[in-house]
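See below for the structure under consideration.
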Amino acid sequence: MIDLTVRIGSLILENPVMPGSGTFAEGMERVIDVDRLGAIVAKTITPDIRHGNPQPRLTEVVGGMLSSIGIPSKGPDYFCAETVPFYARFKPPLIASISASSVEAFGKLAARLNTPGIAAIEVNLSCPNLEVNGRAFAMFPEATRDAIRHIKESTDRPVWAKLTPNVGDITEIAVAAHEGGADALVVANALLGMAIDVTTFRPKLGNVMGGVTGAAMKPVILRMVYQCAQAVPLPIIGCGGISSINDAVEYMLAGATAVQVGTANFIHPTTMIDIIDALPEFLRRHGLTRVTDLIGTMRANEAADPSWAAVG
Amino acid sequence: MSTLSPIQPRPIRAEVCRVVFNTPLHGPYRHLAVTASATALAAMPGQFFQLLCPGQGQDRHTLRRPMSVYRVDHARGQLEFLFKIVGAGTRGLSGLAAGDELDIFGPLGQGFRLNMQWRHIVLLGRGAGMATLAPLAETAIARGMKVTAILSAARPELAVAADHLRAAGAEVRIVNDADGSAAPEWLEPVLRQIVTEQGVNFIATCGSGRLLRLVRRLHQEFGIDGQVALEQPMACGIGSCFCCVRPFVVDGQTIFKRVCQEGPVFAIQEAA
Chain B
1270 MIDLTVRIGS
1280 LILENPVMPG
1290 SGTFAEGMER
1300 VIDVDRLGAI
1310 VAKTITPDIR
1320 HGNPQPRLTE
1330 VVGGMLSSIG
1340 IPSKGPDYFC
1350 AETVPFYARF
1360 KPPLIASISA
1370 SSVEAFGKLA
1380 ARLNTPGIAA
1390 IEVNLSCPNL
1400 EVNGRAFAMF
1410 PEATRDAIRH
1420 IKESTDRPVW
1430 AKLTPNVGDI
1440 TEIAVAAHEG
1450 GADALVVANA
1460 LLGMAIDVTT
1470 FRPKLGNVMG
1480 GVTGAAMKPV
1490 ILRMVYQCAQ
1500 AVPLPIIGCG
1510 GISSINDAVE
1520 YMLAGATAVQ
1530 VGTANFIHPT
1540 TMIDIIDALP
1550 EFLRRHGLTR
1560 VTDLIGTMRA
1570 NEAADPSWAA
1580 VG
Chain Z
5 MSTLSPIQPR
15 PIRAEVCRVV
25 FNTPLHGPYR
35 HLAVTASATA
45 LAAMPGQFFQ
55 LLCPGQGQDR
65 HTLRRPMSVY
75 RVDHARGQLE
85 FLFKIVGAGT
95 RGLSGLAAGD
105 ELDIFGPLGQ
115 GFRLNMQWRH
125 IVLLGRGAGM
135 ATLAPLAETA
145 IARGMKVTAI
155 LSAARPELAV
165 AADHLRAAGA
175 EVRIVNDADG
185 SAAPEWLEPV
195 LRQIVTEQGV
205 NFIATCGSGR
215 LLRLVRRLHQ
225 EFGIDGQVAL
235 EQPMACGIGS
245 CFCCVRPFVV
255 DGQTIFKRVC
265 QEGPVFAIQE
275 AA
């Protein structure tokens, strides 16, 4: 019997596969069996109602996409009245994703979500912090620690800190989130990028800069998951360019306890189910019985090519 | 249970289809048919599919491409698309041959809403936009409505779907840029004449901002129902990513709607 369950702090998931925030919405139940997911992660909401960024919001890059959506949000009242009841019919736990522009506003929003039907809160720390010159919380250890600590004081739900890859040393931020009391890390959000149309000399995105997501991101985020796993004793949810069973396994070998599938949902809508279907066979083939047997088991010191032994 | 958006409960799926034919038409147009499941064949006029277009040469696109349904051939179990080669996705599609595979995801979005009381509808399509309106002609004619299709093109020989629409029983008129007949100043009196002489209950349009505004003027003046099928670059096609939003005016307020989910067909009075 193969055991796919994983534990993210106090929350036990049937399997380690869930959507990345903003890549899954009401309507996907017409495409896949939502009950099979490890968790459901909702699109980020903010305290206020936001329309999002100007068009164009999307362009393609080699191996991925570049987008700048700007967190359109209908606010917490709509979320609690419509989104939470909608997902209540499904078995997987619902993870709310929140963002705000101040520590205070983060706390208030988290408190507002102390409602049945929400199993955990993922904190999108990539939102501009108006108290730190509009730069993302997760670019600064202190801002990350303060925001997570205040959210933890405002809710009794598990709190997942979703980090940004737009930093020099992500382990500093991981440590700060841990100190703030995070129950898990989500590594990571999109990498800032841009693209220019050489026929018109115009930026390809209305917001000029946007986030690179998709397969192209996998080596970068995989490295960050590995570094964070060395730095903090928290469960890590890997999120970056996962589109197959092998990608998911790679993340778990690097130290992730669970994975989020994002851009791949847009290309192959059954990606998450395909990964869940393939996990037992993968484990069996490797003589493993629990998916947790994969976590952090990369043979880090065996990368050298054995043919070099003779040279030595 | 509260309703979030006009979601139809019918299933949507990604499936690998077999290409039956991919015929070059006049100019840059292609007519593609694939075998498809009952889920796909349930597509309604105005709905679309997200096609996983093969890459060709330097084209290394990642995302699917939205493509509206041109025709559902229930007898043969085939889904048909009529497209213009414009970019990486459609270039890839143009290289498909009979027997090749094509991964399609759908049917997606909200199609045209037909009122069974209508007697006469007008389809006003620019270029490949006519391919989006064509299935509406078949559906309306099957319900006993009269259909006038006005095909707008750069040159008369580039008009799309003319033979298909005639065979379906529509009255076809072709207007073009070459002789100026496609210009709104010429087209508007023609439409007004059709409205006043024949009576028109509904106008559907696709493919041109100028035609959209023309239909809106006729809606405002005569109270004729109008709907427009819109396009916008998309990633997911199913309402998750919010890449394809456009501004709409509802009750005097500008709001943003997803073309893939609330559309691609919208009431003419809302479309900006």
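Going down the list, the protein sequences come from chains B and Z. Taking this note's numbering, the leading residue of the first sequence gets 1270, the next gets one more, and so forth. Taking this note's numbering, the leading residue of the second sequence gets 5, the next gets one more, and so forth. Positions of the beta carbon are idealized from the N, C-alpha and C atoms, including for glycine.
Coarse secondary structure for residue i, derived from DSSP in three states
| i | result |
| --- | --- |
| Tyr1347 (chain B) | helix |
| Gly1321 (chain B) | coil |
| Ser1576 (chain B) | helix |
| Gly1449 (chain B) | helix |
| Lys1473 (chain B) | coil |
| Lys1421 (chain B) | helix |
| Leu8 (chain Z) | Note that Leu8 (chain Z) has pLDDT 48, beneath the 50 cutoff, so the model's placement of it is unreliable and no number is given. |
| Asp1272 (chain B) | strand |
| Ile1542 (chain B) | helix |
| Leu195 (chain Z) | helix |
| Arg1568 (chain B) | coil |
| Val1398 (chain B) | Residue identity check: residue 1398 (chain B) is Asn in the sequence provided, not Val. Strand, per DSSP. |
| Ile1340 (chain B) | coil |
| Val1481 (chain B) | strand |
| Gly1312 (chain B) | Checking the sequence, you will find Lys at residue 1312 (chain B) rather than Gly. Looking at Lys1312 (chain B) - three-state DSSP - the assignment turns out to be strand. |
| Glu161 (chain Z) | helix |
| Gly1333 (chain B) | strand |
| Asn180 (chain Z) | strand |
| Gln1499 (chain B) | helix |
Partners in chain B for residue i, counting only beta-carbon separations shorter than 7 Å
| i | result |
| --- | --- |
| Leu67 (chain Z) | Glu1329, Met1334, Phe1535 and Ile1536 |
| Ser41 (chain Z) | Result: empty, since nearest Cβ-Cβ is about 14 Å, beyond 7 Å. |
| Ile89 (chain Z) | In chain order: nothing, as chain B lies at least about 18 Å away. |
| Cys21 (chain Z) | Simply none; closest approach about 15 Å. |
Neighbouring residues, chain Z, relative to residue i (Cβ below 7 Å)
| i | result |
| --- | --- |
| Pro1361 (chain B) | Under the 7 Å cutoff, chain Z gives no residues; its nearest Cβ is about 16 Å from Pro1361 (chain B). |
| Val1310 (chain B) | Result: empty, since nearest Cβ-Cβ is about 11 Å, beyond 7 Å. |
| Pro1385 (chain B) | None at all; the shortest Cβ gap to chain Z is about 16 Å. |
| His1320 (chain B) | Phe260 |
| Ala1294 (chain B) | Gly243 and Ser244 |
| Gly1524 (chain B) | Per Cβ cutoff of 7 Å: no residues; Gly1524 (chain B) is ~27 Å from chain Z at best. |
| Thr1539 (chain B) | Ala18 |
Neighbourhood of residue i by C-beta distance below 8 Å, restricted to the same chain and skipping five residues each side
| i | result |
| --- | --- |
| Pro1590 (chain B) | No statement about residue 1590 (chain B) is possible, as the shown extent of chain B runs from 1270 to 1581 and does not include it. |
| Ala135 (chain Z) | Ser72, Tyr74, Phe85, Leu86, Phe87, Gly129, Val164 and Ala165 |
| Gly81 (chain Z) | Thr39, Ala40 and Leu45 |
| His168 (chain Z) | Arg75 and Ala138 |
| Ile16 (chain Z) | Thr43, Phe109, Gly110, Pro111, Leu112 and Ile242 |
Cβ neighbours of residue i in the same chain (closer than 6 Å, five flanking residues each side left out)
| i | result |
| --- | --- |
| Gly1291 (chain B) | Lys1312 |
| Ser156 (chain Z) | Arg130, Val179 and Ala186 |
| Pro1323 (chain B) | Gly1475 |
Own chain residues within Cβ distance below 7 Å of residue i, not counting five before or after
| i | result |
| --- | --- |
| Arg1559 (chain B) | Asp1272 |
| His1320 (chain B) | Pro1341 |
| Pro1345 (chain B) | Ile1314, Pro1316, Leu1378, Arg1381 and Leu1382 |
| Asp104 (chain Z) | Val23 |
Beta-bridge partners of residue i, as assigned by DSSP
| i | result |
| --- | --- |
| Glu1466 (chain B) | According to the sequence as given, residue 1466 (chain B) is Asp; it is not Glu. For Asp1466 (chain B), which the question treats as bridged, DSSP gives the partners B:Arg1471. |
| Trp1429 (chain B) | B:Glu1391 and B:Ala1453 |
| Met71 (chain Z) | Z:Phe53 |
| Gly110 (chain Z) | Z:Arg17 |
| His35 (chain Z) | Z:Thr27 and Z:Leu86 |
| His124 (chain Z) | Z:Lys150 |
| Leu1280 (chain B) | B:Ile1277 |
| Ser1366 (chain B) | B:Thr1313 and B:Glu1391 |
| Ala1405 (chain B) | B:Pro1397 |
Interface partners of residue i on chain Z, CB under 8 Å
| i | result |
| --- | --- |
| Pro1325 (chain B) | Pro237 |
| Ile1338 (chain B) | Cys245, Phe246 and Cys247 |
| Pro1341 (chain B) | Phe246, Val249 and Phe260 |
Neighbour list for residue i in chain Z, Cβ cutoff strictly below 9 Å
| i | result |
| --- | --- |
| Arg1492 (chain B) | Within chain Z, no residue comes near Arg1492 (chain B); the closest Cβ sits about 22 Å away, beyond 9 Å. |
| Gly1291 (chain B) | Ser244, Cys245 and Phe246 |
| Gly1479 (chain B) | Ordered by position in chain Z, no residue passes the 9 Å Cβ test against Gly1479 (chain B), which lies about 10 Å from the chain. |
Residue i: contacting residues in chain A (beta-carbon distance under 7 Å)
| i | result |
| --- | --- |
| Ile16 (chain Z) | The chain labelled as chain A is not found among the protein chains of the depicted structure, namely B and Z. |
Chain B residues whose Cβ lies nearer than 9 Å to that of residue i
| i | result |
| --- | --- |
| Arg64 (chain Z) | Glu1329, Val1331 and Gly1332 |
### Message
Whether or not the stretch 1286–1300 of chain B and the stretch 1434–1443 of chain B are in contact is what I'm after, with contact meaning three or more pairs of Cβ atoms, one per stretch, closer than 8 Å; do they touch?
### Response
Fewer than three Cβ pairs drawn from the stretch 1434–1443 of chain B and the stretch 1286–1300 of chain B lie within less than 8 Å of each other, which leaves the two stretches out of contact.
### Task
State whether the stretch 1405–1424 of chain B contacts the stretch 1478–1488 of chain B, with contact taken as three or more CB pairs (one from each stretch) at a distance under 8 Å.
In short, these stretches do not touch, since the Cβ pair count stays below three.
### Query
Should the stretch 33–40 of chain Z be regarded as contacting the stretch 113–126 of chain Z, the criterion being three or more beta carbon pairs within less than 8 Å?
The answer is no - the stretch 113–126 of chain Z does not touch the stretch 33–40 of chain Z, with fewer than three Cβ pairs under 8 Å.
### Task
Could you say if the stretch 208–216 of chain Z and the stretch 1297–1306 of chain B meet the contact criterion of at least three C-beta pairs nearer than 8 Å?
Contact check between the stretch 208–216 of chain Z and the stretch 1297–1306 of chain B: fewer than three CB pairs, one atom from each, fall below 8 Å, which does not count as touching.
### Query
Between the stretch 86–100 of chain Z and the stretch 141–160 of chain Z, are three or more C-beta pairs nearer than 8 Å?
No contact exists between the stretch 86–100 of chain Z and the stretch 141–160 of chain Z.
### Query
Would you call the stretch 1503–1522 of chain B and the stretch 1560–1568 of chain B touching, i.e. three or more CB-CB distances under 8 Å?
The stretch 1503–1522 of chain B makes contact with the stretch 1560–1568 of chain B; the number of CB pairs closer than 8 Å reaches 3 or more.
### Query
Does the stretch 1354–1362 of chain B come close enough to the stretch 254–267 of chain Z to have 3 or more Cβ pairs within less than 8 Å?
Counting C-beta pairs closer than 8 Å gives fewer than three between the stretch 1354–1362 of chain B and the stretch 254–267 of chain Z, which falls short of the contact rule.
### Task
Examine the Cβ distances between the stretch 49–59 of chain Z and the stretch 105–114 of chain Z and report whether three or more of them are shorter than 8 Å.
Verdict: yes, contact present.
### Query
Three or more C-beta pairs closer than 8 Å, one from the stretch 1505–1518 of chain B and one from the stretch 1484–1494 of chain B: is that the case here?
Between the stretch 1505–1518 of chain B and the stretch 1484–1494 of chain B, the count of C-beta pairs closer than 8 Å reaches three or more; the two stretches touch.
### Query
Can we say the stretch 190–208 of chain Z touches the stretch 217–226 of chain Z, given the rule of at least three CB pairs closer than 8 Å?
Yes: the two stretches touch, three or more of their Cβ pairs being nearer than 8 Å.
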